[in-house]
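Single-structure report; data block below.
Residue numbers (our numbering): 38 to 352.
Next up, the structure:
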């Protein structure tokens with residue numbers, strides 16, 4: 038695989054080595070470049086042998102630089118970082134519930150572990166081959182953000198409607214064995230993966246701590262655009278309150294056993310059953326803030342701090 042160079046930073050190690058824009062990288066230290074992950078990992082080294090090609094043939098650039106010093110190349114990301122599409126057909130897929138006629142990018146079903154590493158996107162790992170999984174381990178891609186939904190293989194396969202989705206615990210254990218960390222989420226669907234299935238999932242994932250850093254429980258989101266889709270129930274005040282009671286019980290148990298609450302319900306559960314939000318300290322370091330866990334409490338805190346700052350300025 039040859040990756041095109043768009044530009045070279047003036048004065049950078051690559052520039053001083055004579056590398057120019059529009060050349061293509063064939064390999065770095067004998068390894069092909071599949072994407073930005075490979076590029077960043079390989080160019081972090083001090084000594085580099087880069088094989089390039091241009092209109093007149095191939096040549097080598099030998100570079101010695103500081104560890105982690107940027108090489109100074111801008112690559113053609115449209116070539117190497119196109120989002121990898123989802124191969125699941127989840128019962129609760131939010132893309133399937135969108136109205137027609139919106140911008141095309143909203144209908145893209147991506148499931149790309151590279152974006153999970155770089156931007157915190159949640160992925161299922163079901164479209165990751167064994168060869169690609171080995172690359173995740175080799176590149177030490179950590180932390181990842183993984184959509185588990187259920188650790189029971191049969192339930193997970195049914196929820197994702199993918200017969201290959203049942204090996205999630207096996208893969209999470211391998212991540213742990215190789216020193217990688219990950220955050221997890223469960224989209225909770227009434228009478229599908231709640232109750233005993235949820236308890237099993239929480240306990241299974243907590244058994245992988247400290248590699249498993251945190252677990253978010255998020256209620257399924259349902260829109261009015263579900264014609265022809267699997268019938269799913271909504272949470273009401275009673276069912277949301279019951280799940281909060283279970284999760285709070287696990288939080289107390291984990292806090293005593295491993296020093297963290299580990300599992301965190303999203304803000305929607307509190308809104309549905311009209312319960313007060315946890316205090317700021319109960320969210321610990323807000324590990325699942327992008328998943329809607331603690332956003333309301335954090336907003337409340339930041340608004341109070343801003344108000345205090347304004348008042349202090351007027352005194």
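Heads up, the beta-carbon is just placed ideally off N, CA and C, and yes, glycines get one too.
Remember, it's a predicted structure, so these values are computed and weren't measured experimentally.
Through-space distance from residue j to residue i, alpha-carbon basis
| i | j | result |
| --- | --- | --- |
| residue 209 | residue 203 | 12 Å |
| residue 243 | residue 86 | 43 Å |
| residue 275 | residue 311 | 10 Å |
| residue 323 | residue 180 | 15 Å |
| residue 200 | residue 347 | 57 Å |
| residue 313 | residue 68 | 54 Å |
| residue 375 | residue 38 | Outside the modelled stretch of the chain, which goes from 38 to 352, sits residue 375, for which no answer is possible. |
| residue 144 | residue 121 | 14 Å |
| residue 102 | residue 50 | 7 Å |
| residue 176 | residue 216 | 11 Å |
Which of helix, strand or coil DSSP assigns to residue i
| i | result |
| --- | --- |
| residue 145 | coil |
| residue 95 | strand |
| residue 64 | strand |
| residue 264 | coil |
| residue 120 | coil |
| residue 226 | coil |
| residue 127 | coil |
| residue 291 | helix |
| residue 322 | coil |
Beta-carbon spacing of residue i, residue j below 8 Å
| i | j | result |
| --- | --- | --- |
| residue 306 | residue 297 | no |
| residue 239 | residue 303 | no |
| residue 56 | residue 80 | no |
| residue 74 | residue 154 | yes |
| residue 234 | residue 273 | no |
| residue 104 | residue 123 | no |
| residue 46 | residue 109 | yes |
Contact set for residue i: own chain, Cβ-Cβ below 6 Å, skip 5 residues either direction
| i | result |
| --- | --- |
| residue 184 | 159, 161, 222 |
| residue 224 | 129, 186, 255, 257 |
| residue 330 | 253, 301, 303 |
| residue 390 | This structure cannot settle anything about residue 390, because the visible part of the chain is limited to 38 through 352. |
Close beta carbons around residue i, own chain, < 8 Å, minus the five adjacent residues each side
| i | result |
| --- | --- |
| residue 295 | 243, 246, 247 |
Paired residues, beta bridge with residue i - DSSP
| i | result |
| --- | --- |
| residue 84 | 101 |
| residue 41 | 61 |
| residue 182 | 220 |
Nonlocal neighbours in the same chain, by C-beta distance under 7 Å from residue i, ignoring five residues either side
| i | result |
| --- | --- |
| residue 342 | none |
| residue 113 | 40, 41, 43 |
| residue 270 | 227, 228 |
| residue 193 | 186, 187, 202, 203, 205 |
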